[in-house]
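Okay, so the sequence shown: first residue is 1 according to full-length UniProt numbering, each after it adds one.
Read the structure below first, then the notes.
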Amino acid sequence: MIFFLFGPDTFRSRQKLKEIKAKFIKEVDKSALNIETLGGQDLEPVAFKQAVFAVPFLAKKRLVIVENLLGSPRGQKKQKEILEILETDLPQETIIVFWEGGLTRPKTKKSRPAAGKSPGLFNFLKKEKLAQEFNLLNQNEVFRWAASEVKKRGGKINPDALKLLTDLVGDDLWQLNSEVDKLLAQARGKAVGLIEVSELVKTKLEEDIYKLTDALGQKNKSLATKLIGDQLKSGTNPVELLAKITWQFKNLLLVKEFSQKNGLGYAADRLSYQLGLHPFVVKKTLAQIKFFQPNQLKQLYRRLLEIDYKLKISQTDPEVLFDLLVIKS
Numbered sequence: 001m002i003f004f005l006f007g008p009d010t011f012r013s014r015q016k017l018k019e020i021k022a023k024f025i026k027e028v029d030k031s032a033l034n035i036e037t038l039g040g041q042d043l044e045p046v047a048f049k050q051a052v053f054a055v056p057f058l059a060k061k062r063l064v065i066v067e068n069l070l071g072s073p074r075g076q077k078k079q080k081e082i083l084e085i086l087e088t089d090l091p092q093e094t095i096i097v098f099w100e101g102g103l104t105r106p107k108t109k110k111s112r113p114a115a116g117k118s119p120g121l122f123n124f125l126k127k128e129k130l131a132q133e134f135n136l137l138n139q140n141e142v143f144r145w146a147a148s149e150v151k152k153r154g155g156k157i158n159p160d161a162l163k164l165l166t167d168l169v170g171d172d173l174w175q176l177n178s179e180v181d182k183l184l185a186q187a188r189g190k191a192v193g194l195i196e197v198s199e200l201v202k203t204k205l206e207e208d209i210y211k212l213t214d215a216l217g218q219k220n221k222s223l224a225t226k227l228i229g230d231q232l233k234s235g236t237n238p239v240e241l242l243a244k245i246t247w248q249f250k251n252l253l254l255v256k257e258f259s260q261k262n263g264l265g266y267a268a269d270r271l272s273y274q275l276g277l278h279p280f281v282v283k284k285t286l287a288q289i290k291f292f293q294p295n296q297l298k299q300l301y302r303r304l305l306e307i308d309y310k311l312k313i314s315q316t317d318p319e320v321l322f323d324l325l326v327i328k329s
């Protein structure tokens with residue numbers, strides 16, 4: 001039995017991995033002595049084979065977990081050898097889980113595999129019945145996910161507060177999970193409202209995204225470069241940073257085009273209803289659209305999509321890609 005968990009939504013794929021482990025401990029081996037986790041970056045085929053073919057200790061099955069085997073820029077030969085092992089008759093007593101953080105499925109036949117990924121091994125694993133790809137949730141799915149998590153934890157949150165929370169955090173479920181915990185702890189049994197979300201969910205990343213948008217609009221390239229550099233140096237994932245920037249430019253494009261067609265006389269509340277954005281986000285965006293023309297926004301949005309593609313298929317330094325965005329803006 002082989003599980004393959006992969007995709008950009010590492011929070012949900014990690015939760016699935018936890019579920020598999022918990023079920024194994026509950027139903028197979030309460031001692032957890034038959035669970036072995038192997039780091040894929042330095043995994044030798046011999047060590048993998050030993051783990052897979054080892055006899056269970058005082059239990060009927062073993063669980064072998066391999067993490068981030070395909071994402072390494074080295075080890076193509078090792079991955080090929082591991083594929084050859086998987087193609088043999090594996091012991092029925094062994095359950096194997098391959099977990100890959102951030103790895104995505106090629107969209108077309110011409111798509112190049114991610115750096116270090118063995119197409120043969122990836123193709124073999126993705127065809128398994130228990131292969132599961134975890135894509136990022138869209139805006140409505142994030143809202144429903146957050147609502148479900150609040151309910152699971154016995155908390156309450158007003159719909160407008162939940163909308164603001166998901167607008168601010170976006171599809172980063174790691175952060176959203178932490179924010180839900182923080183808000184419910186602060187609420188102490190009461191319903192979380194707009195005030196609590198506005199006061200507590202103000203991350204440096206969100207603030208920097210608005211500052212960065214202002215800097216790009218005002219052609220302050222030195223400030224834009226500094227803001228991006230500070231985020232990357234602080235450990236912000238380049239893909240996450242890019243997603244936040246893209247999200248705000250998408251908002252700018254929506255608000256700019258709507259305002260040009262319908263005029264600027266709309267109140268933020270009404271505009272938010274028309275566009276499906278929270279009034280807080282609309283107010284921030286309205287203050288920035290004066291710096292951009294529609295064609296400029298469309299060009300920037302296309303460049304952001306190009307950077308997203310290059311981040312996923314090349315080994316180019318992310319900071320270089322972001323610098324090019326600033327230079328060409």
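Cβ coordinates follow ideal geometry from the N, Cα and C atoms, glycine included.
Remember, it's a predicted structure, so these values are computed and weren't measured experimentally.
Delimiting residues of the beta strand (DSSP E) encompassing residue i
i: Phe4; result: Ile2 to Phe6
i: Glu67; result: Arg62 to Glu67
Residues of its chain near residue i, where Cβ-Cβ distance is below 8 Å and the 5 sequence neighbours each way are ignored
i: Thr166; result: Gln139, Val142, Phe143, Ala146 and Leu176
i: Glu196; result: Ala161, Leu183, Gln186 and Ala187
i: residue 330; result: As shown, the chain starts at 1 and ends at 329. That puts residue 330 outside it, with no answer to give.
i: Glu93; result: Val55, Pro56, Lys60, Lys61 and Arg62
i: Lys190; result: Lys156
i: Asn158; result: Ala191, Val192, Gly193 and Leu194
Endpoints, the alpha helix (DSSP H) within which residue i is located
i: residue 330; result: Residue 330 cannot be examined here, being either before or after the span of the chain that is shown, 1 to 329.
i: Glu133; result: Unbroken run through Glu133 is the beta strand (DSSP E), Leu130 to Glu133; no alpha helix (DSSP H).
i: Lys328; result: Pro318 to Lys328
i: Asn295; result: Pro294 to Ile313
i: Leu86; result: Gln76 to Leu86
i: Asn177; result: Leu173 to Ala187
i: Leu17; result: Thr10 to Glu27
i: Ala147; result: Gln139 to Lys152
i: Ala51; result: Pro45 to Phe53
Cross-strand partners of residue i (DSSP beta bridge)
i: Val97; result: Phe3 and Ile65
i: Ile157; result: Val192
Cβ-based neighbour list, residue i, same chain, cut-off 7 Å, excluding 5 preceding and 5 following
i: Asp172; result: Glu240
i: Leu321; result: Ile307, Lys310 and Leu311
Three-state secondary structure assigned by DSSP to residue i
i: Val282; result: helix
i: Val192; result: strand
i: residue 338; result: The chain is shown from 1 up to 329; residue 338 falls before or after that span and cannot be answered.
i: Leu200; result: helix
i: Phe122; result: helix
i: Asp269; result: helix
i: Gln288; result: coil
i: Gln92; result: coil
i: residue 332; result: With the chain represented from 1 up to 329, any question about residue 332 goes unanswered, as that position is not in the structure.
i: Leu70; result: coil
i: Lys30; result: coil
i: Lys163; result: helix
Contacts around residue i, its chain only, beta-carbon distance under 6 Å, and the 5 residues preceding and following it disregarded
i: Leu271; result: Val282
Pick out the complete alpha helix (DSSP H) segments inside the region 208-263, 4 residues or longer, and give them in chain order.
221-233 and 238-262
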